[in-house]
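To start, the structure itself, in structure tokens.
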Amino acid sequence: MTSKQQDKDIHQYDIHQKKGFSSEEINAMSQSVLNEKLDNIDAVTLSRLHQARQQAVDAAVLRPSFLQRYWPDRCNLSRSDHPILQPLVLVGLIIFALGTGYLMSHTRTDQLNLGQGEYLANEDDLEVAEDLDFIAWLIEQDKVSDNHAG
Amino acid sequence: MQAQQQRNHLDHFLARVERRAFHLAQLATGQTQPALDIVQDAMLTLSKKYAHKSPSEWGPLFHRILQNKIKDWYRHQSLSQRIIDWFGKKSSVRDEPDDVIQTAVDRQTPLPFERLKNEDLRQALNMAIEKLPRRQQQAFLLRHWEGFSVKQTARVMQCSEGSVKTHVSRATQFLKQQLEGFYHDQ
């Protein structure tokens, strides 16, 4: 008698000594009981399930979203093979979003701080500013000449 | 044309799994109405988010969604229970009796040929499965009823393969203990 056969016999002996069903018997009986219950589902519940199914099929979105299309899973990289990849991509996206937000907020602040610079962008305003500078220079020159004369 | 074909595939898939899913949810919640809502939500989530995936992936995905919905239901129940307890009202999650008409068995439906002969044993086994702790029940049903592998079950349950084996083993042990008295009657 081979050792495998001996093990099998001991296993069978143990089952009978335990005075209980084997795991296989339990599994088979459970399957039978559960399958039987499926056939006894009432008509109202079946109708509700049918309605839910129709609703789900009608609502089906058969095209992946932009993010889903380029998510690492689409490239046949499963999470179990690359456990760090998806979190990395997510962190990258968050940093990108935060960075973009930071830049945009700073750009807006800079624009607000321009103040007088905005007026200078206009050609007419440039001339006015030059005139004002010229008048200021003239006043200054007058003051200097007065001081020398005094 | 291809979209219509995909919709037909989805319809067939959902038709195949809807009864089992309902029964799984009913076993987990102990109630009919929440079970129906959970299955409906799971179907909608699958169709809206994963209908574009290959039909071979739908099975594990659907069951994962279903288990998450059941988990959400438990969380919601636990929160409601805490709020009710806070206001001093006593209530139980499973105290709502199901609608008699909805739960009535259709006697016209022929029972499967291979049904267990011993009615008491059948009932005892049913009750024992209902009594199983949620995670053990989940693992046992996914492995031995849905026919998922240990790896697939682990992915659906979002736990390790070792945990799945432990849950299934404990569930089987519990069922054996519950049915011990029936062994000699067979």
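Protein chains in written order, with our numbering: chain A, 22 to 171; chain B, 825 to 1010.
Backbone N, C-alpha and C fix where the C-beta goes; we use that ideal spot for every residue, glycine too.
{"query": "So Ser51/A and His968/B are in contact, right, with Cβ under 8 Å, and what is the actual spacing, rounded?", "result": "6 Å"}
{"query": "Quick check on Trp882/B: buried or exposed, where buried means 16 or more other Cβ atoms within 10 Å of its Cβ?", "result": "buried"}
{"query": "Consult DSSP for Lys877/B and reduce its assignment to one of helix, strand or coil.", "result": "coil"}
{"query": "So, is the C-beta of Phe846/B closer than 9 Å to a C-beta in chain A?", "result": "yes"}
{"query": "Suppose contacts are defined by Cβ-Cβ distances below 9 Å. Is Lys877/B in contact with Leu885/B by that definition?", "result": "yes"}
{"query": "Anyone know if the C-beta pair for Asn61/A and Thr996/B falls short of 9 Å?", "result": "no"}
{"query": "Counting pairs of Cβ atoms below 8 Å between the stretch 899 to 907 of chain B and the stretch 104 to 118 of chain A, do you hit three or more?", "result": "no"}
{"query": "Using three-state DSSP, classify Leu855/B as helix, strand or coil.", "result": "Looking at the sequence provided, one finds Gln at residue 855/B rather than Leu. Of the three classes helix, strand and coil, the one that applies to Gln855/B here is coil, per DSSP."}
{"query": "Run through chain A and tell me which residues come within less than 8 Å of Ile894/B, C-beta to C-beta.", "result": "The premise fails here: Ile894/B is roughly 16 Å from chain A at the closest Cβ pair, so nothing lies under 8 Å."}
{"query": "Note down, in chain order, all residues in the stretch 828 to 857 of chain B with a beta-carbon under 8 Å from any beta-carbon belonging to chain A.", "result": "Gln830, Arg831, Leu834, Asp835, Leu838, Ala839, Glu842, Arg843, Arg844, Phe846, His847, Thr856"}
{"query": "Between which two residues does the alpha helix (DSSP H) holding Asn950/B run?", "result": "943 to 955"}
{"query": "Look at Leu70/A and Arg840/B and say whether their C-beta atoms are less than 9 Å apart.", "result": "no"}
{"query": "Looking only at its chain, what residues have a beta carbon closer than 6 Å to the beta carbon of Val863/B, apart from the 5 residues adjacent to it on each side?", "result": "Ala845, Phe846, Ala849"}
{"query": "Between Ile47/A and chain B, is any beta-carbon pair separated by less than 9 Å?", "result": "yes"}
{"query": "Suppose contacts are defined by Cβ-Cβ distances below 9 Å. Is His1011/B in contact with Leu966/B by that definition?", "result": "It is not possible to answer for residue 1011/B, since the shown part of chain B is limited to 825 through 1010."}
{"query": "Does the CB of His887/B have a neighbour CB from chain D at under 9 Å?", "result": "Although the question refers to chain D, the structure presented lacks it and instead comprises the protein chains A and B."}
{"query": "Measuring only the C-alpha atoms, how far is Gln830/B from Ser871/B?", "result": "11 Å"}
{"query": "Mapping DSSP to helix, strand and coil, what is Glu1004/B?", "result": "helix"}
{"query": "Do we get a CB-CB distance below 9 Å when we pair Ile175/A with the residues of chain B?", "result": "Outside the shown range of chain A, which is 22 to 171, sits residue 175/A, and nothing can be said about it."}
{"query": "If we define contact as Cβ-Cβ less than 9 Å, is Gly120/A a contact residue for chain B?", "result": "no"}
{"query": "Could you check which residue in Gln857/B, Tyr874/B, Pro879/B has the C-alpha nearest to that of Leu67/A?", "result": "Gln857/B"}
{"query": "Should Tyr123/A go down as buried or exposed, given a rule of 16 or more other Cβ atoms within 10 Å for buried?", "result": "exposed"}
{"query": "Please classify Trp882/B: does DSSP put it in a helix, a strand, or coil?", "result": "helix"}
{"query": "Please look up how many angstroms separate the CB atoms of Phe1006/B and Ala952/B, rounded, as I've assumed it's under 8 Å.", "result": "Actually they do not touch by this definition, with Cβ atoms about 11 Å apart."}
{"query": "If you compare alpha carbons, which of Thr990/B, Lys873/B, Met867/B is closest to Lys893/B?", "result": "Met867/B"}
{"query": "Would His169/A be called buried (16 or more neighbouring beta carbons within 10 Å of its own) or exposed?", "result": "exposed"}
{"query": "In this structure, how does DSSP classify Gln982/B when only helix, strand and coil are distinguished?", "result": "coil"}
{"query": "Could you compute how far the alpha carbon of Asn56/A sits from the alpha carbon of Leu119/A?", "result": "53 Å"}
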